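To keep things clear, I will list the structure first and then write my remarks on it.
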Amino acid sequence: MHSDFIIQPPHPETEWSACTGYSESAVMIERILDVSLKDASICTGPDHMYYMTGATEGSSLQVWTSTDLKSWTGPAAVWSLEQEGTWQKESEGSSGICAPEIHYVKGTFWITYGLKQGGTGLLKSLSASVMGPYQDMGKITDDGQDASLFEDEDGVVYWIYSNGKIAKMKEDMTGLEELPRMVEVQPWKVAGREDHPSYLRNLQVGSYGAFLYKRAGYYYMFCADAFERMGSDAVDTFVAVSQSIYGPYSRRYLALPHGGQVTLFDGPDNQLYASFAGCGSYSPVEHYPSVVPMSIAGPGFIRPMEGTVLEKGAVGSLKPVGEFLIRDPHISKGPDGTYYLTGTTDKPHRNFWDRNNQLHLWSSNDLKEWNHVAKVWDLSENGTWENNIYENPCLWAPEMIYLHGTFWITYSLKGGGTGLIKSVSGHAEGPYIDMGRMTNTDIDSSLYQDDDGQVYFVWQDGKIAKMKKDMTGFAEDPRKLLCSDGQRVGYEGAFIVKYKGKYILGAAEWNGDKRVDGTYDLMYAVAEDLYGPYTPRRLAVPHGGHGTMFIDKDGRLMSTFFGNDRTAPFRTRVGIVLLGAEEDGEGLCIAPCCE
Numbered sequence: 002m003h004s005d006f007i008i009q010p011p012h013p014e015t016e017w018s019a020c021t022g023y024s025e026s027a028v029m030i031e032r033i034l035d036v037s038l039k040d041a042s043i044c045t046g047p048d049h050m051y052y053m054t055g056a057t058e059g060s061s062l063q064v065w066t067s068t069d070l071k072s073w074t075g076p077a078a079v080w081s082l083e084q085e086g087t088w089q090k091e092s093e094g095s096s097g098i099c100a101p102e103i104h105y106v107k108g109t110f111w112i113t114y115g116l117k118q119g120g121t122g123l124l125k126s127l128s129a130s131v132m133g134p135y136q137d138m139g140k141i142t143d144d145g146q147d148a149s150l151f152e153d154e155d156g157v158v159y160w161i162y163s164n165g166k167i168a169k170m171k172e173d174m175t176g177l178e179e180l181p182r183m184v185e186v187q188p189w190k191v192a193g194r195e196d197h198p199s200y201l202r203n204l205q206v207g208s209y210g211a212f213l214y215k216r217a218g219y220y221y222m223f224c225a226d227a228f229e230r231m232g233s234d235a236v237d238t239f240v241a242v243s244q245s246i247y248g249p250y251s252r253r254y255l256a257l258p259h260g261g262q263v264t265l266f267d268g269p270d271n272q273l274y275a276s277f278a279g280c281g282s283y284s285p286v287e288h289y290p291s292v293v294p295m296s297i298a299g300p301g302f303i304r305p306m307e308g309t310v311l312e313k314g315a316v317g318s319l320k321p322v323g324e325f326l327i328r329d330p331h332i333s334k335g336p337d338g339t340y341y342l343t344g345t346t347d348k349p350h351r352n353f354w355d356r357n358n359q360l361h362l363w364s365s366n367d368l369k370e371w372n373h374v375a376k377v378w379d380l381s382e383n384g385t386w387e388n389n390i391y392e393n394p395c396l397w398a399p400e401m402i403y404l405h406g407t408f409w410i411t412y413s414l415k416g417g418g419t420g421l422i423k424s425v426s427g428h429a430e431g432p433y434i435d436m437g438r439m440t441n442t443d444i445d446s447s448l449y450q451d452d453d454g455q456v457y458f459v460w461q462d463g464k465i466a467k468m469k470k471d472m473t474g475f476a477e478d479p480r481k482l483l484c485s486d487g488q489r490v491g492y493e494g495a496f497i498v499k500y501k502g503k504y505i506l507g508a509a510e511w512n513g514d515k516r517v518d519g520t521y522d523l524m525y526a527v528a529e530d531l532y533g534p535y536t537p538r539r540l541a542v543p544h545g546g547h548g549t550m551f552i553d554k555d556g557r558l559m560s561t562f563f564g565n566d567r568t569a570p571f572r573t574r575v576g577i578v579l580l581g582a583e584e585d586g587e588g589l590c591i592a593p594c595c596e
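Position in the sequence shown (from 1) plus 1 gives the number in my numbering.
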């Protein structure tokens, strides 16, 4: 198997490897039927009609029909558990149909399904019509609550179910010819990055909803899994690939956010689609059926096509305000109301991680149009102590603030260590002088000036120290701000802003896995006093990561954004998110809102 994405996935900031690629003209996904339907499944018939089913609250199997995936007729009840069920009624407890799927195999239609109490079964259409009547083929497995069929190119049919289990079926489709085996994925881990199968030592593709698809010699095994991206209730769709039906399969990767259990089918113009019902409160189609066009982006690499927004809310539809590459963006106001933007740049080597030693500055009057001001600092030209520590130092996460009548910029070095520079002209463009090293270790430094004029140095994961009046160092020993439950607010990118009389401590954290398919989110905690106690942390901006909050000219709370994960709306461009802040039962609730 030859695929850089499969074997050695790049850092999730990389646009070409994203799950949700950016498109300026992207539109929000919509439900295709105004009926609540769990695990929606669509099959293309030999007549080029599209047939959809899914789990409803009733005990009957229902089918909807369409010629174009837009207008649907039905439902038609094609089988009733209460009236036609046999073995399905034998067990005690809650009964009901789960996750039905329609398949066209061996010249007729079949419906696979699971039961709420456990077990999977199969129905066969005796008329070669999706409307039946259907023959009950009996129980196929004692375990599982979902099932699917896959017919390989040699005509052999396989039973696919649960968390990636697979077994060859008998020729007459009355049962399994062999014991099921579970597909196992390859755990993936490198320094600083690790997926869930590696961390949890669980080698399944997902927890339920297995579906197998084949394209260009690759078998794609899909499963649903609750992944806690954005710290939410999302159930995502994962996939692992192999060139042999039984494996070995690759590492798993996120294929469809909020997709849950999916089926793949060929739609109009032979476009590949995934059918699903939105899973989780961030899905624009939660509990409702929808389809999304899919693309094969590389060998074994499948993802949604660009042009569809799959996450609701202000962040899901966010667009960048600049085309220049940047990470860790920070916006502050000058004394004349001008906004200034700094951040980690890719200069001079177009690489954020290797010898990007320049500090650049942009300005704006309206937060929409940004103009490059200058390169205000260059370690190779202006650095002092920095160049004595690292042979090729990288300058990360600069942040600007105006205080004591001039501009100051904090910054970090790859490998650890933070510094401070001061404009000697009183102007944002400098020139700047080096105020020296502030910390010997750690990264992501920030300055906060309280209402009494006292300045504080904030860095890494919530460390803080009062600054000397001459800004040459700390006036006290550092301390670490923690939430009331003992957790840190995040692991990097800490900052403090005061809004509505409350101190907001923010920082970045990975939710889901670590730098593979997880989300790089901006978390926050709130306190009445600077040193706390701070409330338990909450999510402020999904995918917001190392952004920073600021207050605009109109007194509104805002946050910078740059996109650093595979499901962000875009990557390594600057975005600006308007935030709402209202009291609720847990304190000040901060969340993105639309202008």
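Note that beta-carbon positions come from the ideal geometry of N, C-alpha and C, so glycine has one too.
Keep in mind it's a predicted model, so treat the numbers as computed, not measured.
Item                                                                                                                                                                           : Value
Tell me, please, which residues DSSP counts as bridged to MET439.                                                                                                              : According to DSSP, MET439 bridges with nothing at all.
Please check the pair PRO330 and THR473, which I expect to be a contact at CB under 8 Å, by giving their CB distance rounded to whole angstroms.                               : With 8 Å as the limit, PRO330 and THR473 do not qualify as a contact, their Cβ atoms being about 28 Å apart.
Can you tell me which residues form a DSSP beta bridge with ALA526?                                                                                                            : LEU506
Report the residue from PRO11, GLN136, ASP379 whose alpha carbon sits nearest the alpha carbon of TYR412.                                                                      : ASP379
By alpha-carbon positions, which one of ASN372, LEU360, LEU404, GLU370 ends up nearest to PRO598?                                                                              : The structure shown has nothing for residue 598, since the chain only spans 2 to 596.
Mind checking who VAL310 pairs with in its DSSP beta bridge?                                                                                                                   : MET29
Taking Cβ positions, are GLU178 and VAL517 nearer each other than 8 Å?                                                                                                         : no
Check whether the Cβ atoms of CYS20 and THR520 sit closer than 8 Å, and answer yes or no.                                                                                      : no
Can you list, in chain order, the residues of its chain with a C-beta nearer than 7 Å to that of LEU180? Leave out the 5 residues immediately preceding and following it.      : ALA168
Count the other C-beta atoms from every protein chain shown that fall within 10 angstroms of the C-beta of THR536, then say buried if there are 16 or more, exposed otherwise. : buried
If you count every other CB in all the chains shown that lies within 10 Å of the CB of ILE30, and 16 or more means buried, which is it?                                        : buried
Per the contact definition of three or more C-beta pairs closer than 8 Å, is the stretch 70 to 77 in contact with the stretch 317 to 337?                                      : no
Taking contact to mean 3 or more Cβ pairs, one atom from each stretch, closer than 8 Å, check whether the stretch 362 to 373 and the stretch 287 to 299 are in contact.        : no
I'd like the ranges of any beta strand (DSSP E) spanning at least 3 consecutive residues and lying wholly in the stretch 152 to 204.                                           : 158 to 162, 166 to 169
Assess contact between the stretch 28 to 48 and the stretch 280 to 289, defined as three or more Cβ pairs (one per stretch) separated by less than 8 Å. Is contact present?    : yes
From what residue to what residue does the alpha helix (DSSP H) around GLU678 run?                                                                                             : There is simply no residue 678 to check, as the chain begins at 2 and stops at 596 in what is shown.
What do you get for VAL322, buried or exposed, if any count of 16 or more other CB atoms within 10 angstroms of its CB means buried?                                           : buried
Given TRP189, which residues of its chain have a CB within under 8 Å of its CB, disregarding the five upstream and five downstream residues?                                   : PRO10, GLU195, ASP196, PRO198, SER199, ARG252, VAL517
With a threshold of 16 other CB atoms inside 10 Å of the CB of HIS3, please say whether the residue is buried or exposed.                                                      : Only weak support is given to the placement of HIS3: the predicted model assigns it a pLDDT of 46, under 50, and the value that follows is read from those uncertain coordinates. HIS3 is exposed by the Cβ-count criterion.
Excluding the five sequence neighbours on either side, which residues of its own chain have a C-beta within less than 7 Å of the C-beta of GLU587, listed in chain order?      : THR536
Rounded to a whole number of angstroms, what is the C-alpha to C-alpha distance between ILE332 and TRP160?                                                                     : 55 Å
Per the contact definition of three or more C-beta pairs closer than 8 Å, is the stretch 442 to 462 in contact with the stretch 479 to 495?                                    : yes
Which class does ARG304 belong to by DSSP, given the choice of helix, strand or coil?                                                                                          : strand
Nearest-angstrom Cα distance between LYS369 and CYS595?                                                                                                                        : 15 Å
Looking at the strands, I want to know which residues DSSP matches up with GLY420.                                                                                             : TYR412, ARG438
Measure the Cβ-Cβ separation of VAL36 and VAL131 and say whether it is below 8 Å.                                                                                              : no
Short of 7 Å in beta carbon distance, which residues of its chain neighbour GLY46, apart from the five on each side in sequence? Order them along the chain.                   : TYR52, TYR105, VAL131
Under the DSSP definition of a beta bridge, which residues are partnered with GLN146?                                                                                          : Answer is none; GLN146 lacks a bridge partner.
Is the separation between the beta-carbon of PRO101 and that of GLY165 shorter than 8 Å?                                                                                       : no
Is PHE571 closer than 8 Å to VAL498 when the C-beta atoms are compared?                                                                                                        : no
As a quick exercise: from ARG538, LEU540, ASP452, ASP522, pick the residue whose alpha carbon is nearest that of GLY502.                                                       : ASP452
Jot down the residue ranges of each uninterrupted beta strand (DSSP E) in the stretch 7 to 77, minimum 3 residues, whole runs only, in chain order.                            : 39 to 45, 51 to 56, 61 to 67
Find out if the Cβ-Cβ distance for the pair ILE410, THR343 is shorter than 8 Å.                                                                                                : yes
For ILE591 versus TYR504, is the C-beta spacing smaller than 8 Å?                                                                                                              : no
Just confirm the distance between the C-beta atoms of ILE163 and GLY176, as a whole number of angstroms; I'd bet it's less than 8 Å.                                           : In the sequence as presented, Ile is not what sits at residue 163; that position holds Ser. Between GLY176 and SER163 the Cβ distance is about 17 Å, and since that is not below 8 Å, they are no contact.
DSSP three-state call for ASN565: helix, strand or coil?                                                                                                                       : coil
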